[in-house]
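Each position in the sequence shown, counted from 1, maps to that position plus 121 in my numbering.
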Amino acid sequence: MAIFAYISAITSTEDRTFRIGLVSTTSSVFNLLGSAISGVIVRNFGYIGTFSVVLLIYVSCFLYALFCIPEVNRSNVIRARSSTQKGSGVVVFLREFFDSANVRNTFVFLFRGGSCKEDPKRRTKLILIMIIVVVLNGPYQGEFTVMYLYTRLAFRWNEYNYSTFYTAYYFTDFLGSMFSVSYFTKYLKLNDSLVGVISVVSTLFGAIIFAFANTSFIFCFGAVASLFSNASFIAMRAIISKLTSAEELGKVMSAFMLFEAIAPMIYNPIYNAVYTATLDFMPSTFLLMSLVLTSPALFIFLWIYYHDKKLEDSSKQGNGIENPDPS
122 MAIFAYISAI TSTEDRTFRI GLVSTTSSVF NLLGSAISGV IVRNFGYIGT
172 FSVVLLIYVS CFLYALFCIP EVNRSNVIRA RSSTQKGSGV VVFLREFFDS
222 ANVRNTFVFL FRGGSCKEDP KRRTKLILIM IIVVVLNGPY QGEFTVMYLY
272 TRLAFRWNEY NYSTFYTAYY FTDFLGSMFS VSYFTKYLKL NDSLVGVISV
322 VSTLFGAIIF AFANTSFIFC FGAVASLFSN ASFIAMRAII SKLTSAEELG
372 KVMSAFMLFE AIAPMIYNPI YNAVYTATLD FMPSTFLLMS LVLTSPALFI
422 FLWIYYHDKK LEDSSKQGNG IENPDPS
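Structural data, given as structure tokens:
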């Protein structure tokens with residue numbers, strides 16, 4: 122959360138989506154790399170050696186962030202508020218860090234923050250983004266709670282087959298994210314919500330193929346069809362960063378991560394229950410359920426795109442960019 126907020130704060134609006142995409146893609150790459158080498162490290166160094174390597178990496182990251190990454194300049198309001206508090210810098214930091222009002226202020230800003238002159242629908246868009254992250258991350262997490270059981274039943278896969286598919290799935294996901302960031306965002310300069318539309322459509326196509334696949338080859342092709350599925354999370358973070366000031370970005374990003382974490386708690390039990398109930402007559406029902414549950418995200422992204430275009434057109438008219446009516 123802090124990384125995305127920091128990148129958003131130090132990056133111009135034009136380059137923000139591209140940089141957020143790079144951070145997200147880099148995170149996916151190293152997650153995949155860590156999964157690949159974790160077994161080798163455990164086998165050769167044991168658990169103590171493995172945790173020592175992890176500790177070394179964490180300490181290195183902490184020291185790098187502490188001494189090498191410059192702090193973002195805080196606004197005059199925040200500086201004035203901090204200067205009025207008594208105590209040393211450490212005491213003020215701890216007081217602010219453990220202040221329970223921060224949690225309340227996060228949701229007050231999100232649900233009662235009101236509109237702004239540049240975008241009257243800002244609050245509505247922020248709330249809709251929180252809904253999108255639930256309806257996208259929930260089915261995604263829910264599917265993979267039962268996907269291994271489904272592939273064992275439908276295609277007689279073992280652990281090796283499934284791990285190979287899982288690795289290939291994340292590799293195609295990485296390629297799709299790279300293509301989205303470099304082509305859709307950097308080259309074509311597509312609107313963030315339009316990138317989200319492309320991502321959701323790709324996810325829906327993948328769900329259809331997964332649900333109706335009758336061979337392992339067709340099932341694996343579903344991973345190719347859902348190539349751009351991860352781009353929606355890049356688009357959502359970019360939209361949030363452009364709707365929120367640098368001072369409030371951390372609050373909104375923390376709310377985003379909270380909704381992202383809540384989604385599996387809701388959807389995972391539902392997917393387990395649906396798979397168990399339909400196991401005997403149509404075990405792929407949970408994949409069709411994903412198709413239905415994910416669809417609202419498509420219409421929300423389309424609404425945001427429609428409103429962004431209206432806002433852009435009205436801004437051009439206000440600045441006198443459009444040609445006057447010859448009549």
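Every residue gets a Cβ at the ideal spot worked out from N, C-alpha and C, and that includes glycine.
Owing to the predicted nature of the structure, the values given are computational and were not obtained by experimental measurement.
Please confirm whether serine 362 and arginine 164 have their CB atoms less than 8 Å apart. no
One question on the structure: do glycine 297 and asparagine 258 come within less than 8 Å of each other, judged by their Cβ atoms? no
Using CA coordinates, which residue listed in Thr293, Phe420, Glu135 and Phe407 is at the minimum distance from methionine 268? Phe407
Which of the three DSSP states is assigned to methionine 122 in this structure? coil
Terminal residues of the alpha helix (DSSP H) in which isoleucine 391 lies: 367 to 398
Okay, do the region 148 to 157 and the region 309 to 326 touch, 3+ Cβ pairs below 8 Å being the bar? no
Secondary structure at asparagine 279, three-state DSSP: helix, strand or coil? coil
Where the alpha helix (DSSP H) through methionine 357 begins and ends: 352 to 364
Assuming threonine 293 and alanine 344 make a contact with CB atoms under 8 Å, what is their CB distance in whole Å? 5 Å
Taking serine 303 as part of the alpha helix (DSSP H), name the residues at either end of that continuous run. Segment: none, serine 303 is in no alpha helix (DSSP H) and carries neither H nor E.
Contact under 8 Å by Cβ, threonine 146 with phenylalanine 354: no
Go through its chain and collect everything with a Cβ distance to asparagine 197's Cβ below 6 Å, but skip five positions before and after it. Low confidence applies here, because asparagine 197 scores a pLDDT of 47, under 50, leaving its location unreliable; read the following figure in that light. Taken in chain order, the list of residues that qualify is empty.
Selection from Ala275, Tyr291, Met357 and Val144 that minimises the alpha carbon distance to isoleucine 339: Ala275
Who are the near neighbours of alanine 359 in its chain, counting only those whose CB is closer than 7 Å to its CB and skipping five residues on each side? Arg137, Thr138, Ile141 and Asp313
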